[in-house]
Amino acid sequence: MNRTAPPAWAVRTEADRKAIAAGYYWDQAAADRVIAFAETYLAPKFTVGDFRLFEWQKRTLMALYGWRSPDGSRRWRKALLHVPKKNGKTLLTAVVAAYELLGGLVRTPWVVSASTTKQNAEQVYQHLAECFRKHPKLQKVTKATESKKRIQDRRPGGGLYESLSSDAPNAEGANASMAIVDEAHAHASAKLYQTLEYAMIGRADGFLFVISTAGDDVTHWYYSLVERGRAIVAGTDTDPTLYAEVYEADPEKDDLDDPATWRKANPSLDLYDGYTTEKFRLDWESAKKKTIDRLNFERYRLNIFRKASENTWIEVSRWDACKGVLPEAELRTLPCYLGFDASQRIDPTSLSAVWVRPNRRFYVRSWAWVAEAGVRDRERTNLPRYQQYIADGAMVMTPGEVIDKTAVLKTIDAIIAAHQVKAFIMDPNGAWVIGQDLDGVLGADKIFRQPQTHRWFNGPTRELETAVTERRVTHDGNAWLRWCLNSVRLDEDRYQNVRPLKARSVDHIDGAVALLMPFALADAAAAAPPPKPSVYEARGFRTL
10 MNRTAPPAWA
20 VRTEADRKAI
30 AAGYYWDQAA
40 ADRVIAFAET
50 YLAPKFTVGD
60 FRLFEWQKRT
70 LMALYGWRSP
80 DGSRRWRKAL
90 LHVPKKNGKT
100 LLTAVVAAYE
110 LLGGLVRTPW
120 VVSASTTKQN
130 AEQVYQHLAE
140 CFRKHPKLQK
150 VTKATESKKR
160 IQDRRPGGGL
170 YESLSSDAPN
180 AEGANASMAI
190 VDEAHAHASA
200 KLYQTLEYAM
210 IGRADGFLFV
220 ISTAGDDVTH
230 WYYSLVERGR
240 AIVAGTDTDP
250 TLYAEVYEAD
260 PEKDDLDDPA
270 TWRKANPSLD
280 LYDGYTTEKF
290 RLDWESAKKK
300 TIDRLNFERY
310 RLNIFRKASE
320 NTWIEVSRWD
330 ACKGVLPEAE
340 LRTLPCYLGF
350 DASQRIDPTS
360 LSAVWVRPNR
370 RFYVRSWAWV
380 AEAGVRDRER
390 TNLPRYQQYI
400 ADGAMVMTPG
410 EVIDKTAVLK
420 TIDAIIAAHQ
430 VKAFIMDPNG
440 AWVIGQDLDG
450 VLGADKIFRQ
460 PQTHRWFNGP
470 TRELETAVTE
480 RRVTHDGNAW
490 LRWCLNSVRL
500 DEDRYQNVRP
510 LKARSVDHID
520 GAVALLMPFA
530 LADAAAAAPP
540 PKPSVYEARG
550 FRTL
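In case it helps, our numbering puts the sequence shown at residues 10 to 553.
Right, dumping it as structure tokens:
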């Protein structure tokens, strides 16, 4: 066994220095072996010619397998790789999985790859299976079972690789020699992670490899692990068995516009075609135009824990810049879409109208009503008083304990009578409050109920922000709608669909919801290609 002092680059932390003093050592042959294995057998699918790992990937792999404990066993029992997307994370995961399976490190290895869903965990399986199929020697000694997402080493005493979903009971009792927890930030709980961690206690050389991009929840168990990783790197945690590489930008200390920050968070930047500093800059400049895109960019590309609810959705200054007036005569010639978000007592009821103008431009007007009881209740809060919106003409107060439905219907009827209303869309509560009252005025075929789902709201939420940024929206300056837009905080589902969520927002957002619903219909109408004129309009009918 080659016992030597580690190279200078491998002594990164205070934990490394203390480990050397405690008898941990470096095995250069073991470090070289994993690199030779990777570059011989695990070329990515579209690689042409010789395959070479990036320098940072080599150092990661060499550090994982070159360091040894005083008794000759592996040093690391757990490793964290916190790295953004587009940096070769899947390749590194595949190398580690393949080497643990075929590298002869332990007898009868059992390697598992676990992610939030079976489909996600299969990514490593597919990469491994493709590499094994490409190489005649590996194809000969392995057997891949597609239906079970398993790869078996068919040599005597050979091991097994399989992928697992986050259904923790599937992992109970798994005496794994090595486990990969992929995209750890997306796991709903720590159950699978803990299950695999305990399962490997029975293995003298058990190894847990956690790899992920940043998440959106700083109370999540993965964030706690990242904090431990930061402490290892900073030298305040000296656990000799935890390996940590943390690639991220610091939003408090780093200039997010500085290419040095981009390189700090992205170790593969400028190392392959299509992932250049210039391309990164263009993507960043584009993302900054929208709050949602900026937060997602910071999370996935700069590896900062972010969630859509951290910031306002539409910047008030941009909204204010869109204020303007359109003549009533012009509005009467344009198609109009109405949106309604209903309440009855405490909360305001909101109505928005969106007119479609040429060149995918829009004009917006808003109305709001609140019951007298709601005004009184509002006085007991620290939020802006309804009285100021009433005084500005942005809101109407109706007498009594509940909103006067007659006053609301009177305004709606007047709009329908004066304008080319194509559709009236409302939330389920609105359908219950006034839905049937409009059937005779507008016609049931033009009245729609709006599902309050991420999938439905995602498109109009993103498109409205774009339209405001590009100054394609003009509005009447309604102060209540302005406050609602400023109050909106967005919620994001697992598919990155977003929608306004009252529970996360600063205050009521009914005005914003009442705007988004008709804007969705108006934008779809504006984006639709014009109907092709009939040939008969030009030449009329011909008779034989």
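Where a beta carbon is used, it is the ideal one built from N, C-alpha and C, also for glycine. The structure presented is a predicted model; accordingly, all values stated were derived computationally and were not measured.
Spatial neighbours of residue i in its chain, beta-carbon cut-off 7 Å, leaving aside the 5 residues before and after
i: Gly-486; result: Lys-332
i: Trp-271; result: Leu-278, Thr-286, Phe-289
i: Arg-341; result: Ala-427, His-428
i: Val-450; result: Asp-422, Ile-425
i: Ala-17; result: none
i: Ala-274; result: Pro-93, Tyr-256, Glu-257, Ala-258, Leu-311, Asn-312
i: Ala-213; result: Ser-82
i: Ala-199; result: Trp-230
i: Pro-557; result: This structure cannot speak to residue 557, because the chain is shown only from 10 to 553.
Neighbourhood of residue i by C-beta, 8 Å cutoff - its chain only, sequence neighbours within 5 removed
i: Arg-474; result: Reading off the sequence shown, one finds Glu at residue 474, where the question assumed Arg. Correct list, in chain order: Lys-299, Thr-300, Ile-301, Trp-322, Ile-323.
i: Ala-24; result: Ile-241, Gly-244, Asp-246, Thr-247, Asp-248, Pro-249, Leu-251
i: Gly-112; result: Arg-42, Val-43, Phe-46
i: Arg-480; result: Ala-330, Cys-331
i: Ala-39; result: Asn-11, Tyr-74, Gly-75, Arg-77
i: Pro-509; result: Trp-322, Phe-466, Thr-470, Val-497, Arg-498, Leu-499, Asp-500, Ile-518, Ala-521, Val-522, Leu-525
i: Tyr-395; result: Pro-357, Val-379, Gly-383, Val-384, Arg-387, Met-404, Met-406
i: Arg-315; result: Ala-223, Asp-225, Leu-304, Asn-305, Glu-307, Arg-308
i: Leu-280; result: Phe-63
i: Leu-147; result: Tyr-50, Leu-111, Cys-140, Phe-141
i: Thr-99; result: Gln-132, Val-133, His-136
Extent of the continuous beta strand (DSSP E) to which residue i belongs
i: Asp-500; result: 499-501
i: Lys-431; result: 429-435
i: Asp-152; result: A small fix is needed here, since residue 152 is Lys in this sequence, not Asp. Unbroken beta strand (DSSP E) run through Lys-152: 151-154.
i: Trp-121; result: Residue identity check: residue 121 is Val in the sequence provided, not Trp. From DSSP, the beta strand (DSSP E) with Val-121 extends over 119-123.
i: Phe-457; result: 456-458
i: Lys-87; result: 87-91
i: Arg-159; result: 159-162
i: Val-405; result: 405-407
i: Tyr-108; result: Looking at the DSSP string, Tyr-108 is not in any beta strand (DSSP E); the run it does join, the alpha helix (DSSP H), is 98-111.
i: Glu-171; result: 169-173
Own chain residues within Cβ distance below 6 Å of residue i, not counting five before or after
i: Gly-182; result: Residue confidence for Gly-182 is low, a pLDDT of 47 falling below 50, so the modelled location carries little weight and cannot support an answer.
i: Trp-90; result: Looking at the sequence itself, residue 90 is Leu, so the reference to Trp does not match. Closer than 6 Å at Cβ, skipping near neighbours: Ile-220, Glu-254.
i: Ala-535; result: Val-365, Arg-369
i: Phe-60; result: Glu-48, Ala-52
i: Arg-239; result: Val-255
i: Ile-29; result: none
i: Ala-138; result: Ala-153
i: Ile-399; result: Met-406
Span of the alpha helix (DSSP H), counted from its first residue to its last, around residue i
i: Ala-188; result: First-last for Ala-188: 187-191, but that is the beta strand (DSSP E), not the alpha helix (DSSP H).
i: Arg-26; result: 23-30
i: Trp-65; result: 64-75
i: Val-20; result: Segment: none, Val-20 is in no alpha helix (DSSP H) and carries neither H nor E.
i: Ala-40; result: 37-50
i: Asp-279; result: Counting along the chain, Asp-279 falls outside any alpha helix (DSSP H), and DSSP gives it neither H nor E.
i: Asp-401; result: 395-401
Cβ separation of residue i and residue j, assumed to be a contact under 8 Å, to the nearest whole Å
i: Tyr-33; j: Arg-12; result: Their Cβ separation, rounded to whole angstroms, is 10 Å, which puts Tyr-33 and Arg-12 out of contact at 8 Å.
i: Asp-519; j: Ser-352; result: 7 Å
i: Pro-344; j: Lys-431; result: 5 Å
i: Thr-69; j: Leu-101; result: 7 Å
i: Leu-360; j: Ser-375; result: 7 Å
i: His-463; j: Asp-502; result: 4 Å
i: Lys-87; j: Leu-217; result: 5 Å
i: Leu-347; j: Thr-483; result: That belief does not hold up - the Cβ atoms of Leu-347 and Thr-483 are roughly 17 Å apart, past 8 Å.
i: Lys-158; j: Ser-172; result: 4 Å
i: Ala-531; j: Val-363; result: 4 Å
i: Leu-447; j: Phe-457; result: About 11 Å separates the two Cβ atoms, so there is no contact after all.
Distance cut-off 7 Å: residue i Cβ against heavy atoms of the ligand SAM
i: Arg-327; result: Inclusion of the ligand SAM in the displayed structure is not the case, the ligand content being empty and no account of it being possible.
*Ranges of the alpha helix (DSSP H) found wholly within the stretch 336-380, counting only runs of at least 4*: 337-340
*asked:* When you compare the stretch 74-81 with the stretch 280-297, are there three or more beta-carbon pairs, one atom per stretch, that lie closer than 8 Å?
replied: no
*Length at least 3, wholly inside the stretch 209-275: the beta strand (DSSP E) runs in chain order*: 216-221, 251-255
*Can at least three beta-carbon pairs, one atom from the stretch 400-407 and one from the stretch 483-498, be found at a separation below 8 Å?*
yes
_Minimum length 4: unbroken alpha helix (DSSP H) runs contained in the stretch 461-538_ = 463-478, 488-496, 519-536
_For a minimum of 4 consecutive residues, which ranges assigned as the alpha helix (DSSP H) are wholly contained in the stretch 291-329?_
300-309, 325-329
*Hey, is the stretch 412-422 in contact with the stretch 325-343, meaning 3+ C-beta pairs nearer than 8 Å?*
no
_At least three beta-carbon pairs within less than 8 Å, the stretch 212-231 to the stretch 304-312_ = yes
*Is the stretch 449-464 touching the stretch 362-377 in the sense that three or more CB pairs, one from each, lie closer than 8 Å?*
no
*Count the CB pairs spanning the stretch 101-121 and the stretch 158-168 that are closer than 8 Å, and state whether there are at least three.*
yes
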